[in-house]
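Each remark here refers to the structure printed beneath this line.
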Ligand SMILES: Cc1cc2nc3c(=O)[nH]c(=O)nc-3n(C[C@H](O)[C@H](O)[C@H](O)COP(=O)(O)O)c2cc1C
């Protein structure tokens, strides 16, 4: 079978799963094209394979906008699609929302998987290197990963359409949570965006961050500069070899986490 696997990934959790899924499919003699979802790559999105697989992380209870943009960019077709996401704790209605969006374009879902992985946001802003917090955050990841991957791939091979999942139960609690509490949690991370900066003295000008940014939001003009279209995926932050990229003064001694090497 000819498959294309599109994935969006910041620190690398989703890329890690994408590579594993791809390897298993290649081992079963399928022809897999692995593509990173970026502002550039979705411009050439077409539907020329037997099966589409889309992998994405959860940021602030939602999929990154680029994943929605990819689905919107794909030509409408009655084709099967399989989805997986990586999350730290709560994925809310991310999967359901994307499935419905794709359904409106004719796609039908045949497999879904959610993988729990270390919280790349919490590691960046809360966990000091070598601390107990780092150990606790890294402890939370999907157990029996190989088994879960096997179940996901078997569902893909069966090709039976499945319905979007029901609304997550905890979203019903939203009505009873006071707005003041909601406001203090929701969107907190977006406030960190303007604090991202690179320290010129530490920067080796390796351009890794420029190439890694899914939004082409980082450029080099005498020094590294950030634009205003950051998804806060933290790909630049976690993969900077000299830790020159910081979020205000919050992250001076915190963990850099590389699930995959870029
Ligand atoms: C800005 C930001 C916000 C996040 N928000 C959530 C969230 O709402 N729910 C959740 O379960 N995980 C959340 N996470 C954790 C990521 O979903 C998780 O670590 C994921 O595996 C990251 O994948 P990646 O390394 O491919 O980007 C967030 C991470 C970041 C960077």
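Residue numbers (our numbering): 1 to 262. Glycine is no exception: its CB is placed at the ideal position from the N, C-alpha and C atoms.
Query: Just list the residues that DSSP pairs residue 127 with in beta bridges.; Result: DSSP lists no partner for residue 127.
Query: Could you please give me the residues that DSSP links to residue 197 through a beta bridge?; Result: 246
Query: When burial is assigned at 16 or more other CB atoms within 10 Å of the CB, is residue 15 buried or exposed?; Result: buried
Query: Is residue 189 near ligand 1, judged by its Cβ being under 8 Å from some heavy atom?; Result: yes
Query: With a threshold of 8 Å, are at least 3 pairs of Cβ atoms found where one atom belongs to the segment 232-240 and the other to the segment 199-214?; Result: yes
Query: Ignoring anything shorter than 3 residues, give me the beta strand (DSSP E) runs that lie fully in the segment 5-76, in order along the chain.; Result: 31-36 and 51-57
Query: Just to check my reading of the structure: residue 282 and residue 64 have Cβ atoms closer than 8 Å, yes? What is that Cβ distance to the nearest angstrom?; Result: Nothing can be reported for residue 282: it is not among the residues displayed for the chain, which extend from 1 to 262.
Query: Looking at C-alpha atoms only, which residue of 162, 243, 203 and 146 is the closest neighbour of residue 81?; Result: 162
Query: Should residue 217 be listed as close to ligand 1, given that the test is whether its C-beta is under 8 Å from any heavy atom?; Result: no
Query: Taking all protein chains shown into account, decide if residue 76 is buried (16 or more other Cβ within 10 angstroms of its Cβ) or exposed.; Result: exposed
Query: Rounding to the nearest angstrom, what Cα-Cα distance links residue 172 and residue 180 in this structure?; Result: 17 Å
Query: Is the beta carbon of residue 53 less than 9 Å from the beta carbon of residue 149?; Result: no
Query: What's the call for residue 246, buried or exposed, on a 16-neighbour Cβ count within 10 Å?; Result: buried
Query: Give the range of the alpha helix (DSSP H) segment to which residue 264 is assigned.; Result: Not covered by the structure: residue 264. The range shown for the chain is 1 to 262.
Query: For residue 8, tell me which candidate among 165, 41, 164 and 257 has the shortest Cα-Cα distance.; Result: 41
Query: As a quick exercise: from 79, 43 and 164, pick the residue whose alpha carbon is nearest that of residue 73.; Result: 43
Query: Give the single residue among 3, 2, 12 and 5 whose Cα lies nearest to the Cα of residue 261.; Result: 12
Query: For residue 116, list the residues DSSP reports as bridge partners.; Result: 87
Query: Run through DSSP, which three-state label would residue 212 get?; Result: helix
Query: Using a threshold of 8 Å, is the CB atom of residue 98 nearer than that to any non-hydrogen atom of ligand 1?; Result: no
Query: Residue 96 and residue 200: beta carbons closer than 9 Å?; Result: no
Query: Based on Cα-Cα distance, which residue from 114, 137 and 130 lies nearest to residue 121?; Result: 137
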